[in-house]
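Chains as they are written, first to last, in my numbering: chain A, 1 to 257; chain B, 258 to 457. We put the beta carbon where it would ideally sit given N, CA and C, even for glycine. These figures come from a predicted structure and were not determined experimentally. In what follows, a single structure is set out as structure tokens and then discussed.
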């Protein structure tokens, strides 16, 4: 027998059983005689067994007092054994639980509604931001185009003097129907003719509703004679000029033609 | 006649309302339950409370005991173990003692030889102190297997673990106990030497 085998045997036995096995079993006792370390270990096991046995015998007579016995027997006499509890398949929830359940569902519904509203508002704000950025971008591009085409006309006269009278843009123009309506489908010439038929205004630029947003103002201006059609007329020409928020001229009409 | 009945048979009679059977069952099993709680907690007060709670629990849930799953003694130890644990959690500083209760019990077994009696008391006190200082799951197996002389199978039922677990825990607990006793009580016979294991 090896030391490891002795340990395996020892693990399966209590100290007292081990000591009995060593006393009775030849292989165990033979190994203990040969191996000093196992002999010492076995001696310590024997001491531990004896010490535990001492504790066991010292406390062997200890037991619960008569008061405990009286209490237990009294409980048996008065109550007896509780009847066997049969498991109920599904108990109905108490009213309080149902009420709290109602509030719980209500809370879930409120949270869900808040989420939906939040998503809707978020999407809308996002859309508005996109529109604004697209507008500013388009204004920047259209502004550069207008500067190329319209500015020479406006700046050609040396004295463009705005009148004191200032009007708001006509409803048709403010809504974008006159100079700005359907700009993408109309050529500038067509747009000019159709618009001038309606209100006398001539569109000065193509206005996409996305680009030409914001308020417009109608400013009556006195144009120098050089700008008038006949060119030779000495009388100044009065014109209503529709100016956008960006300062560019949207449309114009001659008043004292 | 009742003395010849097993614990399970006594319980069966008690469940049918036989007070004498219940009393006999109580007197037969209260001592081991009390000593288990006493060895585990070191407190006679806790041991009395646990004993009472265990039998009140039996009155409440006696119908749930299934003899096919083990013996009644192990079942009661299992219940007692839970109550001891609960008592320790409830008042940890009071319930868990690093030193055992003083032996003021007049029923203690004493020796006619006063010197030997003192030596026995010192030994038991040192060992009990070492047992109380063990971690709970090691203390349980020592109390059940060494002090209550339960078989490994019954201890496994009481502790709700595998038999091999009981075996390995007990072996480890013995090693820990020997180390503790080497430090705390080297004068005791057998604990002064080196008990190193040889694994050749």
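* **chain A residues whose Cβ lies nearer than 7 Å to that of residue 435 of chain B** => 44, 48
* Looking at the unbroken beta strand (DSSP E) that takes in residue 204 of chain A, where does it start and where does it end? -> Residue 204 of chain A -> no beta strand (DSSP E), and no H or E assigned at all.
* Asked: residue 400 of chain B lies in the alpha helix (DSSP H); which residues open and close that run?
  -> Counting along the chain, residue 400 of chain B falls outside any alpha helix (DSSP H), and DSSP gives it neither H nor E.
* Asked: Distance, Cα to Cα, residue 195 of chain A vs residue 221 of chain A?
  -> Its pLDDT being 44, under 50, residue 195 of chain A is placed unreliably by the model, and the measurement read from it follows with that caveat. Looking at the two C-alpha atoms, the distance is approximately 20 Å.
* Asked: How many Å lie between residue 4 of chain A and residue 68 of chain A at the Cα?
  -> 49 Å
* State yes or no: is the beta carbon of residue 269 of chain B nearer than 7 Å to at least one beta carbon in chain A? => no
* Asked: Quick one: Cα of residue 249 of chain A to Cα of residue 240 of chain A, how far?
  -> 10 Å
* Asked: Just how far apart, CA to CA, sit residue 131 of chain A and residue 244 of chain A?
  -> 18 Å
* Any C-beta of chain B sitting closer than 7 Å to the C-beta of residue 13 of chain A? -> no
* Asked: With respect to the alpha helix (DSSP H) encompassing residue 317 of chain B, which residues constitute its N-terminal and C-terminal limits?
  -> 301-318
* Does the separation of the CB atoms of residue 409 of chain B and residue 396 of chain B fall below 7 Å? -> no
* To do: Over the uninterrupted alpha helix (DSSP H) stretch that includes residue 252 of chain A, give me the two end residues.
  => Looking at the DSSP string, residue 252 of chain A is not in any alpha helix (DSSP H); the run it does join, the beta strand (DSSP E), is 249-254.
* Asked: So, are the CB atoms of residue 412 of chain B and residue 401 of chain B less than 7 Å apart?
  -> yes
* residue 123 of chain A in three-state terms, based on DSSP -> helix
* **Per-residue contacts from residue 402 of chain B into chain A (C-beta, under 7 Å)** => 14
* To do: Using alpha carbons as the reference points, say which of B:382, B:374, B:372, B:338 lies closest to residue 394 of chain B.
  => B:338
* Contact check, residue 82 of chain A vs residue 317 of chain B under 8 Å by CB: the rounded distance? -> 5 Å
* At a CB-CB cut-off below 9 Å, which residues of chain B make contact with residue 76 of chain A? -> 271, 276, 279, 280, 283, 312, 316
* Asked: Does any residue of chain A bring its CB to less than 7 Å from the CB of residue 422 of chain B?
  -> no
* Identify the continuous beta strand (DSSP E) that holds residue 220 of chain A and give its terminal residues. => 217-223
* **Bridge partners - residue 242 of chain A, DSSP secondary structure assignment** => A:218, A:251
* Chain-ordered chain A contacts of residue 299 of chain B [CB-CB under 8 Å] -> The contacting residues do not exist; residue 299 of chain B stays about 11 Å from chain A at best.
* Using only alpha-carbon positions, find the residue among B:371, B:308, B:336 that is nearest to residue 71 of chain A. => B:308
* To do: Could you tell me if residue 274 of chain B is buried or exposed, where buried requires 16 or more neighbouring beta carbons within 10 angstroms of its beta carbon?
  => exposed
* To do: Note the first and the last residue of the continuous alpha helix (DSSP H) segment covering residue 281 of chain B.
  => 276-298
* Asked: Excluding five sequence neighbours on each side, which residues of the same chain lie with their C-beta closer than 7 Å to the C-beta of residue 256 of chain A?
  -> 237, 238
* CA nearest to the CA of residue 295 of chain B, picked from A:126, A:254, A:59, A:103 -> A:59
* Asked: In terms of residue numbering, what span does the alpha helix (DSSP H) encompassing residue 423 of chain B cover?
  -> 420-441
* Asked: Less than 7 Å separating the beta-carbons of residue 54 of chain A and residue 380 of chain B?
  -> yes
* Between residue 433 of chain B and the rest of its own chain, which residues show a CB-CB distance below 7 Å, the 5 nearest in sequence each way excluded? -> 391, 395
* beta strand (DSSP E) runs contained entirely in the stretch 17-76 of chain A, provided each spans 3 or more residues -> none
* 7 Å Cβ cutoff, residue 56 of chain A in contact with chain B -> yes
* Short check: CB of residue 428 of chain B to CB of residue 11 of chain A, under 7 Å? -> yes
* Asked: In the structure shown, what three-state DSSP assignment does residue 111 of chain A receive?
  -> helix
* Asked: Do you know how far the Cα of residue 298 of chain B is from the Cα of residue 33 of chain A?
  -> 40 Å
* Can you tell me which of B:319, B:323, B:312, B:293 puts its alpha carbon nearest to the alpha carbon of residue 62 of chain A? => B:293
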